[in-house]
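So for the sequence shown, the working numbering puts the first residue at 99; every next one is plus one.
We put the beta carbon where it would ideally sit given N, CA and C, even for glycine.
Keep in mind the model is a prediction, meaning the values are calculated, not measured.
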Amino acid sequence: MTESLPSAQDRLNRLWDAHTTLEFAHKDPEGALATMTDNPQVIHVPTMCGGRGRAELLTFYSKHFLNQIPDDLEIVPLSRTIGERSLVDEFVVRFTHSAQMDWALPGFPPTHKRIELAMVVIIQFDGDKIASESIYYDQATILRQAGLLPDPKLPVLGAETARGLLEPLPLNQLIHRAAR
Numbered sequence: 099m100t101e102s103l104p105s106a107q108d109r110l111n112r113l114w115d116a117h118t119t120l121e122f123a124h125k126d127p128e129g130a131l132a133t134m135t136d137n138p139q140v141i142h143v144p145t146m147c148g149g150r151g152r153a154e155l156l157t158f159y160s161k162h163f164l165n166q167i168p169d170d171l172e173i174v175p176l177s178r179t180i181g182e183r184s185l186v187d188e189f190v191v192r193f194t195h196s197a198q199m200d201w202a203l204p205g206f207p208p209t210h211k212r213i214e215l216a217m218v219v220i221i222q223f224d225g226d227k228i229a230s231e232s233i234y235y236d237q238a239t240i241l242r243q244a245g246l247l248p249d250p251k252l253p254v255l256g257a258e259t260a261r262g263l264l265e266p267l268p269l270n271q272l273i274h275r276a277a278r
C-alpha cells in the first residue's frame, strides 16, 4: 500500500511535476515561468548558468536551455524528498550530446557522444509557486564522456557514476587505480 502525502507536500509534488512537464515534454518557457514566483532563480551550479528574475530566466529558458534539450533526453528518477517548503529530486539523466548545450557544455559544439550523469535538484517554494532551483551534477563526468577531458590519470569517472546509482557497480575504482 502506498502512503499518501500530506496535502501541502502533495501540492508541492504536483507543482514540481507540472513544471518539469512544461520544461521537458512541452519545452514551454512561458508555461514553466507561470509556475514560478515573480522573482525566481534557477542555477546550474557546475556551470553557473541560469537566471535570476523572470526576464533573465525567460531568456535563459528560451535561448540556452529548453531549445537545446536533446531529443533523446531520458530522466530516471531515483528519490524525491518533500518538506514543507522544499523538494529534493535525485535522478539520472541520459542523452546524446547532439545539440549545442549552453547550460551543460557552454562553448562546445555537439560531440555526438552518449552522456549519463547523476543530478540533484533542490527546489524552494513560496506558497504555490517555485521560488528557486539549484541544480547539482559533476561537470567533470560530462566532460569525460564528451571526450573533452582526455587525461586518464585525472580522478574522474564517466557514465559509471550515474550507473552506480542504478545498479551495483564496483566502488572505489579511483582509489584502486591510484594505488597501481
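In the three-state reduction of the DSSP assignment, Leu252 falls in the coil class.
If you check the CB distance, Thr135 and Ile228 come in under 8 angstroms. Note that the C-beta distance between Ala202 and Ile233 is not below 8 angstroms. One thing to note: Lys211 has its Cβ no nearer than 8 angstroms to the Cβ of Ala260. If only uninterrupted beta strand (DSSP E) runs of at least 3 residues are considered, those enclosed by the stretch 197–226 are 212–224. Where Gln139 is concerned, the enclosing beta strand (DSSP E) starts and stops at Met134 to His142. Proximity of the stretch 161–168 to the stretch 178–190 falls short of the contact definition, fewer than three beta-carbon pairs being nearer than 8 angstroms.
In the three-state reduction of the DSSP assignment, Thr179 falls in the strand class. Setting aside the 5 residues that flank it on each side, Glu121 is surrounded in the same chain by Ala130 and Leu164, each with a C-beta closer than 7 angstroms to its C-beta; the list follows chain order. Closest by C-alpha distance to Leu263, out of Leu246, Leu215 and Pro208, is Leu215.
Asp187 sits in a strand when the DSSP states are folded into three classes.
Of the other Cβ atoms in all chains shown, 16 or more fall within 10 Å of the Cβ of Gly149; this residue is therefore buried.
About 17 angstroms separates the beta carbon of Pro207 from that of Cys147, a gap too long to meet the 8 angstroms contact definition.
Judged by DSSP in its simplified three-state form, Gly148 adopts strand.
Residue burial annotation: Arg183 is exposed, with fewer than 16 other C-beta atoms found within 10 angstroms of its C-beta.
The alpha-carbon of His117 is positioned some 18 angstroms away from that of Ser105.
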